[in-house]
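Enquirer:
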Amino acid sequence: MGEKIQTEDYKNREPIIVADNVTMIFNIASERFNSLKEYFIALMRHELRFKEFRALKNISFNVKRGEAFGLVGTNGSGKSTMLKIIAGVLEPSDGTCTVRGTIAPLIELGAGFDPELTARENIYLNGALLGYRKEFIDEHFDDIVDFAELRDFMDMPLKNYSSGMVARIAFAIATITEPDVLIVDETLSVGDFLFQRKCEKRINELIENDNVTVLLVSHSIDLVERMCDRVAWIEKGDLKMLGPCTEVCEAYKHYRK
Ligand SMILES: Nc1ncnc2c1ncn2[C@@H]1O[C@H](COP(=O)(O)OP(=O)(O)OP(=O)(O)O)[C@@H](O)[C@H]1O
Ligand SMILES: [Mg+2]
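So in the numbering used here, spot 168 of the sequence shown is number 154, and the numbers just go up one at a time.
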């Protein structure tokens, strides 16, 4: 297990992620439509009414280089939304989020994959989405397949893969190089315990040796407690608590609605 960074050390470190007053508003249709036709008629007549839903409310925090930063919170609290904003997949409605460096996001299982293509083709597709050149994937192909332990399944279409198998491929590609920021959203939870252990080891190596910053979202508080230095607890869109891992996890575990 990696040595955790002492909290005081952070003050001197360079922030790699700066979330400044991030607010995310989703417009959700407030009426139900029985068909797409009805929906389009309402749209044409400008009769569509939307309700504003604040998924994140004025969230601010910094993550320092080399830090393992956790996000906890109950279902639907805005964790994945926050990660998508950090990864640049979503634009915040208000506030800013800046990231200095390259990001390898493992956000939604299967995002960046095409189920009709084989695993082999998907490794190239996903690699391209992460910005890797074909020659680079050629060079690292065996490492990816070995890490995922799926050599016999390379020519099978991804739609026939189990969710754990997809997670194996996704994790193997994302960690083949050292990104500046590795984002892991629950991806590991579908892997079996052996693979989870292997991923944890790999993440710890990245943190220790290469100064990779890790953002981890997990409902496994044990995992968060083992891996993270600091944790932000986001509850129903609000930043409820931000601080050292043990303190925040302890408070979160005692949370009653
Ligand atoms: N594209 C969208 N349109 C409308 N609402 C959305 C959209 N994406 C997320 N939301 C809403 O924002 C809220 C936060 O969702 P989010 O996925 O960030 O939660 P989460 O903390 O990751 O939850 P979980 O622990 O279940 O993964 C939820 O109420 C969700 O319904
Ligand atoms: Mg989520």
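Where is the CB? At the ideal position from N, CA and C, for every residue including glycine.
DSSP three-state call for residue 4: helix, strand or coil?
Expert: Three-state result, residue 4: strand.
Enquirer: Listed in chain order, which residues are found with a beta carbon closer than 5 Å to a heavy atom of ligand 1?
Expert: Matched residues: 12, 41, 61, 62, 63, 64, 65, 66 and 67.
Enquirer: Assuming residue 167 and residue 64 make a contact with CB atoms under 8 Å, what is their CB distance in whole Å?
Expert: At roughly 19 Å, the Cβ-Cβ gap does not stay under 8 Å, so residue 167 and residue 64 are not in contact.
Enquirer: From residue 114 to residue 1, what does the alpha carbon distance come to, in whole angstroms?
Expert: Roughly 28 Å between the two C-alpha positions.
Enquirer: The beta strand (DSSP E) with residue 41 in it runs from where to where?
Expert: Segment 36 to 50, the beta strand (DSSP E) holding residue 41.
Enquirer: With a threshold of 16 other CB atoms inside 10 Å of the CB of residue 147, please say whether the residue is buried or exposed.
Expert: Counting Cβ neighbours within 10 Å, residue 147 comes out buried, since at least 16 surround it.
Enquirer: Use the C-beta contact count for residue 117: other C-beta atoms within 10 angstroms, 16 or more gives buried, fewer gives exposed.
Expert: It is exposed - the Cβ of residue 117 has fewer than 16 other Cβ atoms within 10 Å.
Enquirer: So does the region 197 to 211 actually touch the region 55 to 63, counting three or more Cβ pairs closer than 8 Å?
Expert: Touching, per the Cβ criterion.
Enquirer: How would you label residue 180, buried or exposed, when you count the other beta carbons within 10 angstroms and need 16 or more for buried?
Expert: Classification of residue 180: exposed, given that the 10 Å Cβ count is below 16.
Enquirer: Short of 7 Å in beta carbon distance, which residues of its chain neighbour residue 162, apart from the five on each side in sequence? Order them along the chain.
Expert: Excluding sequence neighbours, residue 162 sits near 126, 129 and 130.
Enquirer: Mind checking which residues open and close the alpha helix (DSSP H) that includes residue 288?
Expert: Because the chain here runs from -13 to 243, residue 288 falls outside it and cannot be looked at.
Enquirer: Pairing CB atoms from the region 97 to 104 with CB atoms from the region 134 to 143, are three or more of them under 8 Å?
Expert: Yes: at least three Cβ pairs fall under 8 Å.
Enquirer: So what does residue 12 bridge to, in DSSP terms?
Expert: DSSP lists 39 as partners of residue 12.
Enquirer: Compare the beta carbon distance of residue 31 and residue 16 with 7 Å and say whether it is the shorter of the two.
Expert: Not a contact, by the Cβ cut-off of 7 Å.
Enquirer: Which residues does DSSP list as the beta-bridge partners of residue 221?
Expert: DSSP lists 224 as partners of residue 221.
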